[in-house]
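Undergrad: Attaching a single structure in structure tokens format; questions to follow.
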Amino acid sequence: IYGGLKALPGAQPWQASIQIRPKVSTLGFKHICGGALIKPCWVMTAGHCIVKGHDFQVVLGGVDLGKVEPSEQTLEVVETIVHEQYRETPESVYNDIALLRLRAKDGRCAKESQFIRTVCLAKESFPDGSECKISGWGVTPESQYGSSQLLDAEVLLIAQDVCSDPKVYGKFIDNTMFCAGYLDGGVDSCQGDSGGPLTCEKEQVHYAYGIVSWGDSCGQKNKPGVYTRVTHFVDWINAKTAGP
Ligand code: 4AZ
Numbered sequence: 318i319y320g321g322l323k324a325l326p327g328a329q330p331w332q333a334s335i336q337i338r339p340k341v342s343t344l345g346f347k348h349i350c351g352g353a354l355i356k357p358c359w360v361m362t363a364g365h366c367i368v369k370g371h372d373f374q375v376v377l378g379g380v381d382l383g384k385v386e387p388s389e390q391t392l393e394v395v396e397t398i399v400h401e402q403y404r405e406t407p408e409s410v411y412n413d414i415a416l417l418r419l420r421a422k423d424g425r426c427a428k429e430s431q432f433i434r435t436v437c438l439a440k441e442s443f444p445d446g447s448e449c450k451i452s453g454w455g456v457t458p459e460s461q462y463g464s465s466q467l468l469d470a471e472v473l474l475i476a477q478d479v480c481s482d483p484k485v486y487g488k489f490i491d492n493t494m495f496c497a498g499y500l501d502g503g504v505d506s507c508q509g510d511s512g513g514p515l516t517c518e519k520e521q522v523h524y525a526y527g528i529v530s531w532g533d534s535c536g537q538k539n540k541p542g543v544y545t546r547v548t549h550f551v552d553w554i555n556a557k558t559a560g561p
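Take 318 as the starting number for the sequence shown in mature numbering (1 follows the signal peptide of the UniProt record, and there is no 0) and just add one per residue.
Dropping the structure here:
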């Protein structure tokens, strides 16, 4: 996160750290992406976070990746579903959404607490200019390795015609994505924040409205962050997570 502040414990209780076991390493799991807890058994993340042939785990309820906190729960990922139309080109990422099904050691799912909670899915649009929140452990201006503390920042929703202006991202934006941030730069998501939620609040309810997806670098002028448009995928999410 560029231009963020340390998140208070419990301020983003749906925030997940998605971690993989490195192939050649005796070290433990390594954070690769963010995610959002949308049901006790399901985390929503970006499609590009799902690297094949790796074991995943998800950590919920933590703010410091550098230590094990009492509020934390670590769950195994027993199923990964990447969107059927997920597609990456050199300039863009389409349908950048995936779902992870969780299982705790005891065979159950995430247990809700003061620090772990599901977030609602946004079913309707928020107006351009709305103040929304991004969070993550990704790259900061101070550290190319990311932040061990969870950071959050406020960003503004940017109109679609501005996002697809040739000076911004031009034709590489479609209606399954949107831009958020500032055209002046400074405040933005970055590498390692991918998959994490952009949430907007209405009448004291927080909604997952975007998924950190891509962008041309981080925090640069005329290059705001690009987010998967959650409203476009609500039916798909509900169908995939319905199950028994
Ligand atoms: C990345 O590399 C990435 N500024 C994520 C978000 C943004 C840029 C790059 C948005 O995962």
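From the three backbone atoms N, C-alpha and C, an ideal C-beta is built for every residue, glycine too. Model, not experiment: these values are computed from the prediction.
Among the candidates Pro387, Gly352 and Ile398, whose CA atom is the shortest distance from the CA of Ala556?
TA: Closest by alpha carbon: Ile398.
Undergrad: Give the straight-line distance between the Cα atoms of Pro387 and Lys428, rounded to the nearest whole angstrom.
TA: Those two C-alpha atoms are separated by around 13 Å.
Undergrad: Indicate whether the contact test is met: 3 or more Cβ pairs, each with one atom in the stretch 356 to 373 and one in the stretch 503 to 517, closer than 8 Å.
TA: Short answer: they touch.
Undergrad: Among Thr545, Asp381, Glu459 and Asp445, which has the Cα closest to the Cα of Gln329?
TA: The shortest C-alpha separation from Gln329 is found at Asp381.
Undergrad: According to DSSP, is Ile554 part of a helix, a strand, or is it coil?
TA: Helix.
Undergrad: Can you tell which of Cys507, Gly370 and His400 has the C-alpha that lies nearest to the C-alpha of Pro339?
TA: Comparing Cα-Cα distances from Pro339 to each of Cys507, Gly370 and His400, the minimum goes to Gly370.
Undergrad: Please report the residue range of the beta strand (DSSP E) in which Val543 lies.
TA: Where Val543 is concerned, the enclosing beta strand (DSSP E) stretches over Gly542 to Arg546.
Undergrad: In whole angstroms, give me the CA-to-CA distance for Asp469 and Tyr319.
TA: Their backbone Cα atoms lie some 9 Å apart in a straight line.
Undergrad: Which residues have a Cβ closer than 5 Å to any heavy atom of the ligand 4AZ, listed in chain order?
TA: Residues with a Cβ closer than 5 Å to any heavy atom of the ligand 4AZ, in chain order: Asp505, Ser506, Gln508, Ser511, Gly532, Cys535 and Gly542.
Undergrad: Expressed to the nearest angstrom, what Euclidean distance is found between the alpha-carbon atoms of Gly446 and Lys422?
TA: Roughly 43 Å separates the two Cα atoms.
Undergrad: According to DSSP, is residue 635 part of a helix, a strand, or is it coil?
TA: Outside the displayed range of the chain (318 to 561) lies residue 635, so it cannot be described from this structure.
Undergrad: Using a Cβ-Cβ cutoff of less than 7 Å, which residues in the same chain neighbour Ala324 once the five nearest sequence positions on both sides are dropped?
TA: Val380, Ser452, Leu467, Leu468 and Asp469, listed in sequence order.
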